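Count along the sequence shown starting at 1, add 489, and that's the number in our numbering. By construction, the Cβ of each residue, glycine as well, lies at the ideal position given by its N, Cα and C atoms. Since the structure is predicted, the reported quantities are computational estimates derived from the model, not experimental observations. The structure appears right after this line, and notes come after that.
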Amino acid sequence: MIAKAKLVDATVSLMLALAAMSPATEGAEATLVKDINPFGPSDPTNLRNADGRLFFTADDGVSGPELWRSEGTDASTVKVRDIQPGPAGAYPRPVTGLAGGLLFSANDGVNGFELWKSDGTGTGTALVKDLNPGPAGSDPGELTETNGRIFFSAYTNSLGTELWKSDGTAEGTVLVKDVNPGSSSSNPTELTEVSGTLYFRADDGLPGANHRELWKSDGTQAGTVMVRDINPGPGEIPVLSAGDSVALRSRTGLPSSWPMTGSMVPSCGRATGPKRAP
C-alpha cells in the first residue's frame, strides 16, 4: 500500500514518485503529479518548501539525480538545472531554505561536492563558493538555518571539517571557528537551532580529551564556545531540540533537558542545568 505523504504548504505532497493530494479530508485519494522518470522510480528526496514551491532531488532517468521544483501541477514540475551534465547526476543534498531561494550541496563533476544556491531558475542556480579547490570538494553537510544564515560543516585540506556559515554569497561564506585547530577536524554534527542560537556536537582536540561535547555559536569566532564539559573525558552528547530546550544524553548515562536561557553554569559533580537570567 502506498503511504500518505506529508503535505507541503497545505497543497503539495509526495507519494513514491511525486504526488499531490487535497488536505480536505482524511483518506483523500492521492494523484500523480508527474511521471518524472518513465523508465523507473524518480526517487524524490530532500524535500523542501521555499517560497511556496517544493524543491527536491529526483532522477528523470536521463540526467541522474538533479534539483527539481514543483507547485503541484505537471507543468510546474520541472528540472531546475542539470548541474552535472550527463547521466551521473549532481546529487543535490540537503536542500535548505534561505530568503529568496535555497542552499544545498551538489557535485558539478569538476569541483566535487560544494555549496550551491538556487532561486528556482536555471540561471539563478550557481556555485556559491569553492571552499576546497579540486575534485574532492568540501562536502558541506548539516545545513541549518539560524537567524537568516545557513550554518554547515565543511572540509578543507588546511582546516579539516569545521563549522562554516553562509548568507548565500561568496563573500558571506566564511569559517565560523577552527574548533580543533590545524588540519585536524572537530567534525561538528547535529546542528540544532534553539531560540536563535546554534547548538552542535564537536571535538576541540585539546589535551584532557574533551572529545565530543555540546557547543553553541552566535556566528562569531568569539561566540562559538563549549557550553559545558558535561562528562569530563571522552563524553558523547547527542543533541535534540525541544522548543527552547536542548535534550541530550551523555556517557554519564543520565538524560538531561536544559532550558537554553541565560548562561550555562558549571556545577560540582552533577549536571544541574543552566542558571536562568533574571
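Can you tell me which of the three DSSP states residue i falls into?
| i | result |
| --- | --- |
| Gly590 | strand |
| Gly529 | coil |
| Asn538 | strand |
| Gly613 | coil |
| Tyr688 | strand |
| Gly626 | strand |
| Leu703 | strand |
| Asn596 | strand |
| Ile572 | coil |
| Ala583 | The question names Ala, but residue 583 in the sequence shown is Pro. Pro583 falls in the strand class under three-state DSSP. |
| Pro603 | Per the sequence shown, residue 603 should be read as Glu rather than Pro. Of the three classes helix, strand and coil, the one that applies to Glu603 here is strand, per DSSP. |
| Leu648 | coil |
| Val522 | strand |
| Glu682 | strand |
| Val768 | Look at the range of the chain in this structure, 490 to 767, and you will see that residue 768 is not part of it. |
| Leu485 | Residue numbering for the chain in the displayed model covers 490 to 767; residue 485 lies beyond these limits and cannot be assessed. |
| Leu620 | coil |
| Gly637 | coil |
Look at residue i and residue j and say whether their C-beta atoms are less than 8 Å apart.
| i | j | result |
| --- | --- | --- |
| Gly609 | Gly578 | no |
| Val584 | Phe544 | yes |
| Tyr688 | Thr678 | no |
| Val617 | Gly657 | yes |
| Gly685 | Asn636 | yes |
| Ala615 | Pro629 | no |
| Arg701 | Arg717 | no |
Nearest-angstrom Cα distance between residue i and residue j?
| i | j | result |
| --- | --- | --- |
| Leu536 | Glu555 | 12 Å |
| Glu560 | Asp692 | 42 Å |
| Gln710 | Lys666 | 5 Å |
| Ala625 | Leu604 | 13 Å |
| Pro670 | Glu651 | 9 Å |
| Val522 | Val569 | 17 Å |
| Leu620 | Met715 | 25 Å |
| Trp653 | Trp704 | 14 Å |
| Glu634 | Lys606 | 14 Å |
| Ile525 | Asp571 | 14 Å |
| Ala519 | Gly611 | 30 Å |
| Asp563 | Pro533 | 15 Å |
| Thr645 | Phe602 | 12 Å |
| Pro696 | Arg558 | 48 Å |
| Val683 | Pro527 | 43 Å |
| Ala659 | Pro581 | 19 Å |
| Gly712 | Arg638 | 15 Å |
| Asn596 | Gly623 | 12 Å |
| Ser647 | Gln573 | 27 Å |
| Leu632 | Val668 | 18 Å |
| Leu664 | Val567 | 34 Å |
| Gly613 | Ser655 | 17 Å |
| Gly661 | Gly708 | 12 Å |
Below 8 Å on the Cβ atoms is my contact criterion, and I expect residue i with residue j to pass it. Report the Cβ-Cβ distance as a whole number of Å.
| i | j | result |
| --- | --- | --- |
| Ser673 | Gly649 | 5 Å |
| Pro565 | Ala547 | Residue identity check: residue 565 is Ser in the sequence provided, not Pro. In fact, because the Cβ distance is near 14 Å, the residues do not count as touching under 8 Å. |
| Asp529 | Gly550 | The amino acid occupying residue 529 in the given sequence is Gly; Asp does not appear at that position. With 8 Å as the limit, Gly529 and Gly550 qualify as a contact, their Cβ atoms being about 6 Å apart. |
| Gly694 | Ser675 | 7 Å |
Contact criterion: CB-CB distance below 8 Å. Does residue i meet it with respect to chain C?
| i | result |
| --- | --- |
| Thr709 | Of the protein chains in the structure, only one exists, and it is not chain C. |
The stretch 587-598 touching the stretch 532-540, judged by at least three CB pairs closer than 8 Å: yes
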